[in-house]
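Trainee: Add 7 to the 1-based position in the sequence shown for my numbering, that's all there is to it. Ideal Cβ positions, reconstructed from N, Cα and C, are used throughout, including at glycine.
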Amino acid sequence: MKLLVIFLSTWLLPTICHSVCLKPYWGIPTSTCGGLSVNFNGYPCEFGIAQNSGDQIFGDEIVILQRPGLYPHIEVDSSGKKQLINGGVPQSVNMTEHLQKLEEEINDKIDADFAGIGIIKLIEDGSSLWKLLYDQKSTTMEYHRDASDALINSELVEDERKKLAKEQFGSAAKNYMERTLRRAKELRPKALWGYDDFPNCFEAWSIAYLSCTDKDRTENDSLDWFWKLQDFMMSWIYVHNYQDIDGASKRSGMRISEAKRIVHQYNPNAKIILRMDIHTLNGTTYLNKEVVSIMLRNMIDNDIDGVVLYDGATKLDSQASCLELRNHMTDVLGPQTKKDLDYANTIGKCGNETISCIELPGSIY
């Protein structure tokens, strides 16, 4: 009987309208859950979260392109063997073929009149494989420095070879990122486009930091050309574990502060739309209400335009995993998001725009 009531309430649900302040987007690919008799279609919208119509992965509100075209990178297996994919480094990728494949993907997946947010996501398994700046610290970046160095005439002295490798990498990385984003904008000009996980603060990794380091800011300032290209800045907000209350506040505040600085200084017309993982970074548990609220209210108080709710840990390939997410949505994420959006409305942070949606019929369990 309980299941019948839930089903009928889904069928009879009227249009729901929510005022827009901080605009949450549903960025979790739950369409697979529909085939497992766990329905998410329209459900996030009950809590004021914008969702693609029909719970499509590529829809009208949000599109996430995961490494579109030919993304050059180096993969390393468990034995340490390296494999160069699409040339391995940006100076070796075939840009003509890359842009052609990018165009094919966009035309195949995204509606011609798409006017939502288009996110180009190069991160996979927690980190991007190469950084925009050649000298930025990371294990994977060392592989790309070595590969770049190997492209230079070995007869040159080491200092000259490394200097030339850095110059060639920097020029090619800029060319790749710039032309990729421009092509996406040309193909879907009504949408807002930007790269995921920028700006970042690579030096300020510990919660001991209340702001980006001077080195981080200097490095970000050197990418002024990059910030001017984007329609929105999308820093990544996360916590290490569900008890990371202090980290949730400090880390989100640090990323928000740097995104606001970049927008103010280099692209005042750009929006700030953050990506927030609803799982802990180690993937062991969903965030509790307190942590969710800390991060959302930090965004609201700082006039952030939007947030993409994302789950990089859960594989929604079973009914059990879909039910776990649905229960978290029902008990924690949904009610807390709505509560914080109501808070934004009471302090005058919301405008006249609304999100309207109708949940379509479908099984819940």
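For ARG282, write down the residues that DSSP places opposite it in a beta bridge.
Mentor: The residue given as residue 282 occupies position 275 in the sequence shown. Paired residues: TRP243, VAL315.
Trainee: From LEU109, ILE56, GLN98, LYS88, pick the residue whose C-alpha is nearest to that of GLY76; which is it?
Mentor: Taking the first residue of the sequence shown as position 1, residue 76 is located at position 69. Comparing Cα-Cα distances from GLY76 to each of LEU109, ILE56, GLN98, LYS88, the minimum goes to LEU109.
Trainee: Can GLY313 and TYR50 be called in contact, C-beta distance under 8 angstroms?
Mentor: Locating residue 313 in the sequence shown gives position 306, where the first residue counts as 1. Locating residue 50 in the sequence shown gives position 43, where the first residue counts as 1. Against a cut-off of 8 angstroms, the Cβ pair of TYR50 and GLY313 comes out as no contact.
Trainee: Does DSSP put ASP67 in a helix, in a strand, or in coil?
Mentor: On the sequence shown, position 60 is the one that residue 67 refers to. Three-state result, ASP67: coil.
Trainee: Only counting runs of 4 or more residues, tell me where the alpha helix (DSSP H) segments fall wholly within the segment 81-168, in order along the chain.
Mentor: 102-116, 146-157
Trainee: For ALA57, does the three-state DSSP call read helix, strand or coil?
Mentor: The residue labelled residue 57 in the question sits at position 50 within the sequence shown. In this structure, ALA57 counts as strand in the three-state DSSP scheme.
Trainee: Which stretch, first to last residue, makes up the alpha helix (DSSP H) that contains GLY341?
Mentor: The residue given as residue 341 occupies position 334 in the sequence shown. Note, GLY341: alpha helix (DSSP H), 341-353.
Trainee: How would you label GLY133, buried or exposed, when you count the other beta carbons within 10 angstroms and need 16 or more for buried?
Mentor: Position 126 of the sequence shown holds residue 133. Any reading at GLY133 is ruled out, since the residue's pLDDT is 47, under 50, leaving its predicted position unreliable.
Trainee: Return the CA-CA distance between THR344 and ALA351, expressed in angstroms with no decimal places.
Mentor: In the sequence shown, the residue the question calls residue 344 occupies position 337. In the sequence shown, the residue the question calls residue 351 occupies position 344. Each residue's Cα considered, the two are about 11 angstroms apart.
Trainee: Could you tell me whether the Cβ atoms of ILE301 and ILE279 are closer together than 8 angstroms?
Mentor: Position 294 of the sequence shown, counted from the start, is the residue given in the question as residue 301. Position 272 of the sequence shown, counted from the start, is the residue given in the question as residue 279. Cβ atoms of ILE301 and ILE279: not closer than 8 angstroms.
Trainee: What are the start and end residues of the beta strand (DSSP E) that includes LEU199?
Mentor: Taking the first residue of the sequence shown as position 1, residue 199 is located at position 192. It spans 199-202 - the beta strand (DSSP E) in which LEU199 sits, taken as one unbroken run.
Trainee: Just grab the DSSP bridge partners of TYR293 for me.
Mentor: Residue 293 sits at position 286 when you count from the first residue of the sequence shown. Partner(s): HIS286.
Trainee: Is the segment 174-182 close to the segment 85-99, with three or more CB pairs under 8 angstroms?
Mentor: yes
Trainee: Assign PRO79 to buried or exposed, taking buried as 16 or more other Cβ atoms, counted over all protein chains shown, within 10 Å of its Cβ.
Mentor: Here the question's residue 79 lines up with position 72 in the sequence shown. PRO79 is buried by the Cβ-count criterion.
Trainee: Would you identify the three-state DSSP class for LYS322, choosing helix, strand or coil?
Mentor: Position 315 of the sequence shown holds residue 322. Note: LYS322 maps to coil in three-state DSSP.
Trainee: Specify the secondary structure class of PRO51 as computed by DSSP and reduced to three states.
Mentor: The residue labelled residue 51 in the question sits at position 44 within the sequence shown. Correct three-state label for PRO51: helix.
Trainee: Is the beta carbon of ARG262 less than 8 angstroms from the beta carbon of ILE244?
Mentor: The residue labelled residue 262 in the question sits at position 255 within the sequence shown. The residue labelled residue 244 in the question sits at position 237 within the sequence shown. Yes, Cβ-Cβ distance for ARG262 and ILE244 is below 8 angstroms.
Trainee: Would SER155 pass as an interface residue toward chain D - the criterion being a Cβ-Cβ separation below 8 angstroms?
Mentor: Of the chains in the structure shown, none is chain D; there is only one protein chain.
Trainee: For ILE354, count the other beta carbons within 10 Å of its own beta carbon; 16 or more makes it buried, fewer makes it exposed. Which is it?
Mentor: Within the sequence shown, the letter at position 347 stands for residue 354. Classification for ILE354: exposed.
Trainee: Just verifying my parser: in three-state terms, what is the DSSP assignment at LEU72?
Mentor: Taking the first residue of the sequence shown as 1, we reach residue 72 at position 65. Three-state result, LEU72: strand.
Trainee: For HIS151, is the classification buried or exposed, using 16 other Cβ atoms within 10 angstroms of its Cβ as the cut-off for buried?
Mentor: For the purposes of this step, residue 151 is taken as residue 144 along the sequence shown, with counting starting at 1. Classification of HIS151: buried, given that the 10 Å Cβ count is 16 or more.
Trainee: PHE205 bridges to which residues according to DSSP?
Mentor: Reading the sequence shown from its first residue, position 198 is the one you call residue 205. For PHE205, which the question treats as bridged, DSSP gives the partners MET241.
Trainee: Hey, is GLU210 close to the ligand FMN, as in C-beta under 7 angstroms from one of its heavy atoms?
Mentor: Although the ligand FMN was asked about, the structure shown includes no ligands whatsoever.
Trainee: Have a look at the DSSP bridge pairing and note the partners of TRP33.
Mentor: Counting from 1 along the sequence shown, the entry for residue 33 is found at position 26. LEU316.
Trainee: Hey, out of GLY34, GLU226, HIS247, whose CA is closest to LEU288's CA?
Mentor: As a position in the sequence shown, residue 288 is number 281, starting the count at 1. Here the closest residue by C-alpha is HIS247.
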